[in-house]
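Under my numbering, the sequence shown has 139 at position 139, and the numbering climbs by one with no breaks. Built from N, CA and C at the ideal position, the CB exists for glycine as well.
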Amino acid sequence: MEIRKEITEIKRGRKNLIIVLATAIVAINLIVLVSSLSNANTVAADLSRILTVGAAAAISMVVVARQKVTGIFGRAYLALAVGLVLWLAAESVWGYYEHVLQIERPFPSIADALWLSAYGPIGFHLFSMARFYGRGVGRYKIAAVIIGMSIFLGLYIVGLSTVSELQGEGAELGIAISIAYPLLDTALFMPAILIVLNSGKGYLTSIPWIFIGWISLGIADTLLGLTQVQHFAQQFAGSDFLINTFYVIAYLAMAAGLWWYNRFFIFDKAKLDKEPTAT
1 MEIRKEITEI KRGRKNLIIV LATAIVAINL IVLVSSLSNA NTVAADLSRI
51 LTVGAAAAIS MVVVARQKVT GIFGRAYLAL AVGLVLWLAA ESVWGYYEHV
101 LQIERPFPSI ADALWLSAYG PIGFHLFSMA RFYGRGVGRY KIAAVIIGMS
151 IFLGLYIVGL STVSELQGEG AELGIAISIA YPLLDTALFM PAILIVLNSG
201 KGYLTSIPWI FIGWISLGIA DTLLGLTQVQ HFAQQFAGSD FLINTFYVIA
251 YLAMAAGLWW YNRFFIFDKA KLDKEPTAT
């Protein structure tokens with residue numbers, strides 16, 4: 001009976017989390033979309049990213065405080081927290097450039113240095129978790145992912161070099177940074193995709209939130225790289241909104257995954273001590 005009760009609680013929690021996550025994604029992006037009709041467009045978009053990645057960073061710090069930093073999971077989630085804090089700093093710096101310094105689409109900037117520096121700790125998290133959750137993935141799946149990611153990266157770099165409109169001082173740096181994002185994303189896509197393909201084998205791990213978030217973030221980075229070197233936003237007015245949507249989805253999915261991990265995966269000794277013992 002106790003096990004059945006716990007399974008019911010997990011199912012209910014998962015359903016509620018999906019509803020809250022979907023509602024938050026729709027509501028936040030709807031606000032950004034409506035604001036695009038006014039001068040508050042960039043303000044709403046920047047705030048949406050700052051607040052969502054801030055939520056993920058805050059929950060990650062709660063996880064670290066409760067779980068501590070010992071063992072593979074402790075170190076992996078500490079690394080994820082460091083990465084999310086760096087991303088929060090990057091989003092905040094980007095917003096500062098746009099709304100305080102009045103520099104529209106600051107690229108390249110200090111924000112890029114912060115974003116890129118986060119790949120180290122977040123990569124540590126992904127590969128550490130892949131060692132645990134990625135066990136049992138077939139060789140053909142691994143080969144297919146590696147081949148697919150390699151083809152994507154090759155086509156992206158070739159396409160980027162042919163459509164780039166960056167000119168003048170700093171153009172080479174801009175192109176290099178635009179290539180660096182999908183290059184690093186591709187390297188980290190592999191453990192994320194393999195974990196997603198290997199999910200669904202248990203009630204608790206059936207939805208790999210953090211790794212789905214990483215895939216969404218990789219899509220956003222790829223689109224952003226194209227817009228930066230091609231000035232695509234001038235040709236397609238909805239590109240900024242589309243990119244922002246994928247970032248919001250990524251940050252919220254990571255926040256959902258961290259909440260889920262904090263709720264069901266961390267041993268709560270204080271709660272256990274309060275429960276009555278059988279006599």
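The beta-carbon separation of ALA130 and PRO191, rounded to 4 Å, stays under the 8 Å limit for a contact. The residues LEU80, ALA81, LEU84 and LEU258, in chain order, have a CB closer than 6 Å to that of SER60 in the same chain once the five nearest residues on each side in sequence are set aside.
In this structure TYR251 is buried. Its beta-carbon is surrounded by 16 or more other beta-carbon atoms within 10 angstroms. Non-local C-beta neighbours of VAL248 in its own chain, meaning closer than 7 Å and more than five positions away in sequence, comprise ILE25, ILE28, ASN29, SER48, ARG49 and THR52, ordered along the chain. Within 10 angstroms of the beta-carbon of THR23 lie fewer than 16 other beta-carbons, which makes it exposed. Collapsing the DSSP output to three states places GLU98 in a helix. Three or more beta-carbon pairs separated by less than 8 Å link the stretch 181 to 196 to the stretch 113 to 132, which places the two stretches in contact.
Within the same chain, Cβ atoms closer than 8 Å to the Cβ of ASP221 are found at TYR181, PRO182 and ASP185, the five residues on either side in sequence being excluded.
Collapsing the DSSP output to three states places VAL69 in coil. Taking a 10 Å sphere around the C-beta of ALA144, we find fewer than 16 other C-beta atoms and assign the residue as exposed. In the same chain as PHE211, and ignoring 5 residues on each side of it, the C-beta atoms closer than 6 Å to its own belong to ALA192, ILE195 and VAL196, in chain order.
The residue from ALA90, ASP46 and GLN67 with its alpha-carbon nearest to that of ASN262 is GLN67.
In the structure shown, the three-state DSSP call for ARG105 is coil.
When DSSP states are grouped into helix, strand and coil, PRO121 belongs to the helix group. If you draw a 10 Å sphere on the C-beta of SER38, you find fewer than 16 other C-beta atoms in it, and that means exposed.
No Cβ-Cβ contact shorter than 8 Å links MET149 with GLY213. Out of ARG4, GLU6, SER35 and ALA176, the CA that lies nearest to the CA of PHE241 is found in SER35. DSSP, reduced to helix, strand and coil, places ILE193 within a helical segment of the structure shown. When the Cα atoms are used, ILE72 and SER128 turn out to be separated by approximately 7 Å. Residue SER92 holds the alpha-carbon nearest to the alpha-carbon of ALA113 among ARG4, TYR133 and SER92. Counting C-beta atoms within 10 angstroms of its own C-beta, LEU101 has fewer than 16 neighbours from the protein chains shown and is therefore classed as exposed.
Cβ neighbours of LEU78 within its own chain (closer than 6 Å, five residues either side excluded): VAL64 and VAL69.
Residue state for PHE127 is assigned as helix, using DSSP reduced to three classes. Under the three-state reduction of DSSP, PHE241 is assigned to helix. Cβ contact annotation for LEU223 (same chain, cutoff 6 Å, sequence separation greater than five): ILE243, in chain order.
Taking every protein chain shown into account, the CB of GLY154 has fewer than 16 other CB atoms within 10 angstroms, so this residue is exposed. At a Cβ-Cβ threshold of 8 Å, TRP115 and ALA90 count as neighbours. Minimum Cα-Cα distance from LEU21 among the listed residues ALA45, GLU9 and ALA55 corresponds to ALA55.
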